[in-house]
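When we follow our numbering, the leftmost residue of the sequence shown carries the number 2, and every step to the right adds one.
Glycine included, C-beta positions come from ideal geometry on N, C-alpha and C.
Here the structure is a predicted model, which is why all the values come from computation and not from measurement.
What follows is one structure encoded as structure tokens, with my remarks underneath.
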Amino acid sequence: MTGPASRVGAVWAQDRTGVIGADGAVPWDVPEDMRHFSRTTRGHGVVMGRATWDSLPERWRPLPGRRCVVLTRDPAWSAPGAVTATTLGGALDAAKQPGEGSDGEVWVIGGAQVYALALAEGRLDVLAVTEVDVEVPGEREQLALAPAVDPATWVPSRHEPDGGGWATAENGTRYRITWYERS
Ligand SMILES: NC(=O)c1ccc[n+]([C@@H]2O[C@H](COP(=O)([O-])OP(=O)(O)OC[C@H]3O[C@@H](n4cnc5c(N)ncnc54)[C@H](OP(=O)(O)O)[C@@H]3O)[C@@H](O)[C@H]2O)c1
2 MTGPASRVGA VWAQDRTGVI GADGAVPWDV PEDMRHFSRT TRGHGVVMGR ATWDSLPERW
62 RPLPGRRCVV LTRDPAWSAP GAVTATTLGG ALDAAKQPGE GSDGEVWVIG GAQVYALALA
122 EGRLDVLAVT EVDVEVPGER EQLALAPAVD PATWVPSRHE PDGGGWATAE NGTRYRITWY
182 ERS
């Protein structure tokens, strides 16, 4: 991410209809997108909801090379390798402090509740949104959903691949990444 180190981004992957999760997990497998996630977040502070922390495979907790700040309403909650925060502002501040696992840049990494909160509170400067060309079945009330990206506020600044077409993962799944900046 370019610009001042204190900028805050959000990174997520969604299906064609905006679904980001089902049954506490991400319902597709695109290793190329996981590498994009790693490249985008490594070395920076990351903020996530407690449910997203719980959804990470144990070997990825904490995410290596990233200070992991977990937002929970339970001040007694703790987990090895996680910094706990009970407000989004507190979580962002904790992720931003330069030092072990953070150079001051912060990425909000989900899930649905925390993306929605960060957008509603105007905390985000950059969005990195991967679209995966699948449609997750199920009732929308049962699914975790991406927040709405208002085109009056958010302007695409970069597409991967260039031009906005689809890339094809090695397993055949199509995906594309759009970076947005505030207008
Ligand atoms: N596709 C993607 O890019 C992506 C990325 C991340 C996650 N996901 C998926 O998203 C789903 C999880 O999302 P989710 O919306 O259910 O949960 P979430 O946002 O990860 O976490 C929700 C939890 O965060 C805490 N929280 C929320 N708002 C808070 C506030 N204002 N103050 C303090 N704490 C607050 C609460 O924790 P307590 O209950 O402990 O109080 C709440 O239960 C999973 O399916 C996951 O796999 C997908």
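Does the Cβ-Cβ distance between residue i and residue j come in under 8 angstroms?
i      : j      : result
Ala96  : Ala11  : no
Asp126 : Val47  : no
Glu192 : Tyr181 : Because the chain here runs from 2 to 184, residue 192 falls outside it and cannot be looked at.
Val1   : Val130 : The structure shown does not extend to residue 1, since the chain is modelled only from 2 through 184, so no value can be given for it.
Asp104 : His45  : yes
Ala83  : Trp54  : yes
Met35  : Val115 : no
Gly102 : Arg141 : no
Considering only residues of the same chain and omitting the five flanking positions on each side of residue i, which have a CB-CB separation below 8 angstroms?
i      : result
Glu171 : Pro32, Glu33
Ala80  : Trp54, Arg62, Val71
Going along the chain, which residues of its own chain have a beta-carbon closer than 7 angstroms to the beta-carbon of residue i, five neighbours each way excluded?
i     : result
Ser56 : Gly25, Ala26
Thr87 : Thr73, Arg74, Pro76
Thr3  : Unreliable placement is indicated for Thr3, whose pLDDT of 46 sits below 50; no coordinate value is reported for it.
Phe38 : Val12
Bridge partners for residue i per DSSP, in chain order?
i      : result
Gln15  : Glu132
Trp155 : Arg183
Arg175 : Thr169
Val107 : Val9, Gly46
Thr144 : The amino acid occupying residue 144 in the given sequence is Leu; Thr does not appear at that position. Beta-bridge pairing links Leu144 to Ala23.
Give me, in chain order, the residues of the same chain whose beta-carbon lies closer than 6 angstroms to that of residue i; leave out the 5 immediate sequence neighbours on both sides.
i      : result
Val137 : Asp16, Val20, Ala23, Pro28
Ala52  : Gly112
Ala145 : Ile21, Gly22, Gly112, Ala113
- Can you give, in chain order, each stretch of the beta strand (DSSP E) that sits fully within the segment 31-100 and has at least 3 residues? 46-50, 69-72, 83-86
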